[in-house]
Amino acid sequence: MGGSLLSQDQRVAYLGPKGTFTHLAAQQLFLDDQLSSYQSIPACIEAVASKRVSYAIVPLENALEGTVPLTIDYLFHEAELYVVGEVLTPIEQHLLVHPQQAKNWETLTDIYSHPHALAQCHKYLYNHFHGVPLHETASTAAAAKYIAEHPNECIGAIGNKAAAETYKLKIVERYIHDFHFNHTRFFILANENQRLLQQGHEEQIKTTLMIELPSDRSGALHQILSVFAWRQINLSKIESRPLKTGLGDYFFTLDVLEDENAPMMRGAMEELAALDCTVKTLGSYFTYKK
Ligand SMILES: O=C(O)C(=O)C[C@]1(C(=O)O)C=C[C@@H](O)C=C1
1 MGGSLLSQDQ RVAYLGPKGT FTHLAAQQLF LDDQLSSYQS IPACIEAVAS KRVSYAIVPL
61 ENALEGTVPL TIDYLFHEAE LYVVGEVLTP IEQHLLVHPQ QAKNWETLTD IYSHPHALAQ
121 CHKYLYNHFH GVPLHETAST AAAAKYIAEH PNECIGAIGN KAAAETYKLK IVERYIHDFH
181 FNHTRFFILA NENQRLLQQG HEEQIKTTLM IELPSDRSGA LHQILSVFAW RQINLSKIES
241 RPLKTGLGDY FFTLDVLEDE NAPMMRGAME ELAALDCTVK TLGSYFTYKK
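Taken in order, the sequence shown gives residues 1 to 290; the numbers are from full-length UniProt numbering.
As C-alpha cells, this is what we get:
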C-alpha cells in the first residue's frame with residue numbers, strides 16, 4: 001500500500017520519534033517522506049486541528065491495556081475532528097540495550113518505556129527485573145533514543161525491532177509482552193468527515209459515537225442500547241469515560257458496526273436526539289489490518 005492517498009503537499013502527523021508503533025502503523029498506509037514526527041498525542045491532534053498537517057495518526061486502544069485515555073478524552077473535550085480510517089497492528093515488545101551494555105543486561109539498573117508498553121510486559125518485568133525502577137516515556141521509541149544517548153549507563157528500553165534498528169540497540173530478550181494476542185488500534189484523524197479509501201481495507205464499516213446521557217434519568221443507558229438493539233445494529237465496543245465535571249458523570253463511546261448514512265442509522269440518530277442525548281459523531285471509517 002502507501003502513497004497514492006495523499007497529494008504532494010499533504011502530510012501526516014504521528015506520535016514519534018521514528019520507530020514507535022504509531023510510526024509502523026502509519027507506514028502501512030503512507031510513505032515515510034509524508035510523515036511528520038510529533039512528541040505527544042495532543043501535539044499530533046493539534047497539528048491536524050490547526051491544519052499544519054492533513055491527517056494525524058494516534059493510538060486508540062490496545063488489546064491488553066484497553067483505551068489510550070489521552071486520545072479518547074482529547075477527541076471528546078478538545079478537538080472537532082473525524083476518524084477517516086483505522087489501522088490495526090500486532091504489537092511485539094522486546095528488551096533493548098546499548099551494545100556496550102549487552103553483556104550486563106541481566107543487571108539493568110533502570111528500564112524505560114511508554115506506560116502501555118511497561119504494562120504489557122508487567123509479568124515479565126516482575127519475574128526478571130523485580131525492584132528495578134521503571135520510567136515512563138512519551139513513546140517506546142523515545143525510550144530507545146534515550147538509551148542510545150546514554151551508552152555508559154546500564155539501562156534498558158522496551159520497544160519494537162524498528163526502534164532497535166533505528167537507534168542501533170541490541171535486542172537482548174524477544175517477545176516479552178505477557179499475552180500473545182497483543183494488538184493496537186490507531187485512528188487516522190482529519191478535519192473533514194471523509195473516508196480514506198485504499199486497497200486492503202476490511203469490508204466492515206464502523207462508526208464511532210460519543211454520547212452524553214440526559215442527567216438523572218433512570219434507564220437512560222438501557223434506552224440508548226435499545227435504539228441499536230431493536231434495529232439489529234451491532235456494537236463492537238461500549239466504554240464510559242469521566243466527563244470531568246464531577247464524580248459519577250460520564251460520557252459513553254460506542255463503536256457501531258454500521259455506516260452513519262445508512263437509513264437505519266439515521267433513524268437511530270434521530271431517536272437518540274429524541275431521548276435528549278448529546279451525540280458527537282466521529283464519522284464512519286474502514287479498518288486496515290496488517
Ligand atoms: O510508544 C509507542 O511506540 C506508541 O506508538 C504508543 C503505544 C500506545 O500508546 O499504546 C502504541 C502501541 C503500543 O501499545 C504501545 C505504545
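For each residue, glycine too, the CB sits at the ideal point set by N, CA and C.
**OP:** Could you tell me whether the stretch 211-219 touches the stretch 258-270, using the rule of 3 or more Cβ pairs below 8 Å?
**Re:** Fewer than three Cβ pairs drawn from the stretch 211-219 and the stretch 258-270 lie within less than 8 Å of each other, which leaves the two stretches out of contact.
Original post:
Do SER139 and ligand 1 come close, with the Cβ less than 6 Å from some heavy atom?
Top reply: Counting from one through the sequence shown, the residue named residue 139 turns up at place 139. Correct: SER139 has its Cβ closer than 6 Å to ligand 1.
Subject >> Extent of the continuous alpha helix (DSSP H) run through GLY267 >> reply: Stepping through the sequence shown from its first residue, residue 267 is reached at position 267. Here the alpha helix (DSSP H) through GLY267 covers 263-274.
Subject >> Minimum length 3: unbroken beta strand (DSSP E) runs contained in the stretch 6-54 >> reply: 12-15, 35-38
Original post:
Who are the near neighbours of MET1 in its chain, counting only those whose CB is closer than 7 Å to its CB and skipping five residues on each side?
Top reply: Here residue 1 corresponds to residue number 1 of the sequence shown, with the count starting at 1. No answer about MET1 holds up, because its pLDDT of 44 lies below 50 and its placement is not dependable.
**OP:** Tell me where the alpha helix (DSSP H) around GLN204 begins and ends.
**Re:** Stepping through the sequence shown from its first residue, residue 204 is reached at position 204. It is not in any alpha helix (DSSP H) - GLN204 instead sits in the beta strand (DSSP E) that spans 201-212.
Original post:
Since SER226 is in the alpha helix (DSSP H), which residue starts that stretch and which ends it?
Top reply: Taking the sequence shown and counting its residues from 1, the one referred to as residue 226 is at position 226. Looking at the DSSP string, the run of the alpha helix (DSSP H) that includes SER226 is 220-229.
Original post:
Within 6 Å: the Cβ of THR20 and any heavy atom of ligand 1?
Top reply: Here residue 20 corresponds to residue number 20 of the sequence shown, with the count starting at 1. Result yes, Cβ under 6 Å from ligand 1.
Original post:
Can you name the start and end residues of the alpha helix (DSSP H) that LEU118 belongs to?
Top reply: Position 118 of the sequence shown, counted from the first residue, corresponds to residue 118. First-last of the alpha helix (DSSP H) with LEU118: 115-120.
Original post:
Going by other Cβ atoms of all chains shown within 10 Å of its Cβ, with 16 needed for buried, is GLN34 buried or exposed?
Top reply: Locating residue 34 in the sequence shown gives position 34, counting from the first residue. By the neighbour-count rule (16 or more Cβ atoms within 10 Å), GLN34 is buried.
**OP:** Could you round the C-beta distance between ASN160 and PHE286 to whole angstroms and report it? I think they count as a contact, below 8 Å.
**Re:** Indexing the sequence shown from 1 puts residue 160 at position 160. Indexing the sequence shown from 1 puts residue 286 at position 286. Between PHE286 and ASN160 the Cβ distance is about 25 Å, and since that is not below 8 Å, they are no contact.
Subject >> Residue from ALA25, ALA43, SER54, PRO42 whose Cα sits closest to the Cα of VAL12 >> reply: Counting from one through the sequence shown, the residue named residue 12 turns up at place 12. Ranked by Cα distance from VAL12, the options ALA25, ALA43, SER54, PRO42 are led by SER54.
Original post:
Measuring from the CB of LEU95, is there a heavy atom of ligand 1 at a distance below 6 Å?
Top reply: Position 95 of the sequence shown, counted from the first residue, corresponds to residue 95. No, ligand 1 has no heavy atom inside 6 Å of this Cβ.
**OP:** Hey, could you find the ends of the alpha helix (DSSP H) ALA144 is sitting in?
**Re:** Taking the first residue of the sequence shown as 1, we reach residue 144 at position 144. Taken as a continuous stretch (DSSP letters only), the alpha helix (DSSP H) holding ALA144 covers 140-148.
**OP:** For the alpha helix (DSSP H) holding TYR74, just list the boundary residues, first then last.
**Re:** By 1-based counting over the sequence shown, the position of residue 74 is 74. From DSSP, the alpha helix (DSSP H) with TYR74 extends over 69-77.
Original post:
What residues in its chain sit with their C-beta under 8 Å from that of THR109, if we drop five residues either side in the sequence?
Top reply: Residue numbering aside, residue 109 sits at position 109 when the sequence shown is read from its first letter. Within the same chain, THR109 has close Cβ partners VAL132, PRO133, GLU153, CYS154, ILE155.
**OP:** Could you please give the first and the last residue of the uninterrupted beta strand (DSSP E) stretch that includes PRO287?
**Re:** The sequence position of residue 287 within the sequence shown is 287, counting from 1. Inspection of the sequence shows that residue 287 is occupied by Thr rather than by Pro. Its beta strand (DSSP E) spans residues 278-289.
Subject >> Segment limits, beta strand (DSSP E) that includes ALA157 >> reply: The sequence position of residue 157 within the sequence shown is 157, counting from 1. Looking at the DSSP string, the run of the beta strand (DSSP E) that includes ALA157 is 155-159.
**OP:** Provide the residue span of the beta strand (DSSP E) that contains PHE179, from first to last.
**Re:** The sequence position of residue 179 within the sequence shown is 179, counting from 1. Careful: PHE179 lies outside any beta strand (DSSP E) and carries neither H nor E.
Subject >> Backbone CA spacing between HIS180 and GLU173 [nearest angstrom] >> reply: Counting from 1 along the sequence shown, the entry for residue 180 is found at position 180. Counting from 1 along the sequence shown, the entry for residue 173 is found at position 173. In a straight line, the C-alpha of HIS180 is about 15 Å away from that of GLU173.
Subject >> PRO242: first and last residue of the uninterrupted beta strand (DSSP E) it sits in >> reply: Working through the sequence shown from its first residue, we reach residue 242 at position 242. Residues 235-242.
Original post:
Rounded to a whole number of angstroms, what is the C-alpha to C-alpha distance between LEU169 and GLU270?
Top reply: Mapped onto the sequence shown, residue 169 falls at position 169. Mapped onto the sequence shown, residue 270 falls at position 270. Distance between the alpha carbons of LEU169 and GLU270: 55 Å.
Original post:
Should the stretch 55-66 be regarded as contacting the stretch 185-198, the criterion being three or more beta carbon pairs within less than 8 Å?
Top reply: yes
Subject >> Residues that ILE57 bridges to, as DSSP identifies them >> reply: To locate residue 57, count along the sequence shown from 1; it is residue 57. Looking at the DSSP assignment, ILE57 forms a beta bridge with TYR14, ILE188.
**OP:** Report the rounded CA-to-CA distance for ILE158 versus ALA143, giving the unit in angstroms.
**Re:** As a first step, residue 158 must be located in the sequence shown, where it is residue number 158. As a first step, residue 143 must be located in the sequence shown, where it is residue number 143. Whole-angstrom Cα-Cα distance: 7 Å.
Subject >> Beta-carbon proximity of LYS206 to ASP249, cut-off 7 Å >> reply: For the purposes of this step, residue 206 is taken as residue 206 along the sequence shown, with counting starting at 1. For the purposes of this step, residue 249 is taken as residue 249 along the sequence shown, with counting starting at 1. No, the Cβ-Cβ distance between LYS206 and ASP249 is not below 7 Å.
Subject >> Alpha-carbon spacing of ASN193 relative to PHE252, whole angstroms >> reply: On the sequence shown, position 193 is the one that residue 193 refers to. On the sequence shown, position 252 is the one that residue 252 refers to. If I take the Cα positions, the gap works out to 21 Å.
Original post:
Is the beta carbon of ALA111 within less than 6 Å of some heavy atom of ligand 1?
Top reply: Sequence index remark: in the sequence shown, residue 111 carries index 111 (1-based). Before going on, a small fix: residue 111 reads as Ile here, not Ala. Answer for ILE111: no, Cβ out of range of ligand 1.
Subject >> CA nearest to the CA of ASP276, picked from THR137, SER40, PRO214 >> reply: As a first step, residue 276 is located in the sequence shown; it is residue number 276 there, counting from the start. Distance from the Cα of ASP276 is smallest, within the candidate group THR137, SER40, PRO214, for PRO214.
Original post:
Taking the beta strand (DSSP E) that LYS170 falls in, what are its first and last residues?
Top reply: Counted from its first residue, the sequence shown places residue 170 at position 170. Note, LYS170: beta strand (DSSP E), 170-173.
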